[in-house]
Amino acid sequence: MTSSIPLRLRPVVTFPEKPVALSDAARREAKAIVARYPEKRAAILPVLWLYEREVGEINLAVEREVALLLDISPAQVREVTTFYTMFRRPGTGRHVVQVCHTVSCALRGAGRVVAAFREHLGIDPGETTPDGLFTLMKVECLGACEHAPCLQMDDVQVNDVTPEGVPGLIEEYRAK
Ligand code: FES
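Read the sequence shown against this note's numbering and you will find it ends at 1212, with the numbers running on by one and no gaps.
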């Protein structure tokens, strides 16, 4: 689908944060994870993964709750959640498209692949489609430079991507 509205004129779409409603089992699991480490703060990544699995995203409420659990400040949690790009932030679409734009991929046409996603999804990198289905991102090397240009659709690596293949990828994931 091609948006007829120029990208720079489109309204910004925002999504509400999901509530933090952990099950009792998940709370027990979080405490068990923390207990495995000599210092609580060392458990931050596995605890965040657990919250992301349970809540569906890492939002401000999650960061506050994780800070309480680990006896650190929310700002210290934020330092971690903003450093790692793989965490799902509020407004992340059901499917995340991560197009590598590091040197090998850039030289072999990553820019044209990104342009094809922009055209067919009607969004810029860093944005989510209004229906909440796709988030488009440009990321650093995915470790498959010999198959440049490449990308990840959610957790699935896609190699040797062409701009012509982009519509088919979108339709495949739209149906998932
Ligand atoms: S430069 Fe794209 S995978 Fe390494």
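In this text, a Cβ means the ideal position worked out from N, Cα and C, and glycines have one as well. What you are looking at is a predicted structure, and each value in this text was computed from that prediction instead of being measured.
In the three-state DSSP reduction, Lys-1174 falls in the strand class (E or B). The three-state reading of DSSP puts Val-1135 in strand, counting E and B together. Under the 8 Å Cβ criterion, the stretch 1109-1124 does not count as touching the stretch 1146-1161, having fewer than three qualifying pairs. Residue pairing by DSSP places Leu-1187 opposite Val-1135, Val-1194 in a beta bridge. In the DSSP assignment, Pro-1110 falls within the alpha helix (DSSP H) that extends over 1110-1119. Using a Cβ-Cβ distance cut-off of 8 Å, the stretch 1096-1109 and the stretch 1136-1150 are not in contact, since fewer than three pairs of beta carbons, one from each stretch, lie closer than that value.
Distance check between Glu-1075 and each of Lys-1174, Ile-1108, Ile-1094, Leu-1084 places Ile-1108 closest, using alpha-carbon atoms only.
Residue nearest to Thr-1171 within the set Leu-1157, Leu-1096, Val-1091 is Leu-1157 (criterion: CA-CA distance). In this model, Pro-1055 and Arg-1125 are separated by some 13 Å (Cα to Cα). Excluding residues up to 5 positions away in sequence, Ile-1080, Leu-1081, Leu-1084 lie with their Cβ nearer than 8 Å to the Cβ of Val-1116 in the same chain. Between the alpha carbons of Asp-1060 and Lys-1067 lies a gap of roughly 11 Å.
Comparing C-alpha distances from Thr-1128 to each of Asn-1095, Glu-1182, Cys-1136, Ser-1140 shows the shortest one belongs to Asn-1095. In terms of Cβ geometry, Val-1194 and Cys-1186 form a close pair [threshold 8 Å]. In the DSSP annotation of this structure, the continuous segment of the alpha helix (DSSP H) that includes Asp-1060 starts and ends at 1060-1071.
Around the beta carbon of Lys-1174, a 10 Å sphere encloses 16 or more other beta carbons of the protein chains shown; the residue is thus reported as buried. If you compare the alpha carbons of Thr-1165, His-1131, Glu-1155, Pro-1166 with that of Tyr-1209, the shortest gap goes to His-1131. Contact annotation: Met-1189 and Val-1133 have beta-carbon atoms nearer than 8 Å. In terms of side-chain proximity, the C-beta atom of Val-1139 is found nearer than 7 Å to a non-hydrogen atom of the ligand FES.
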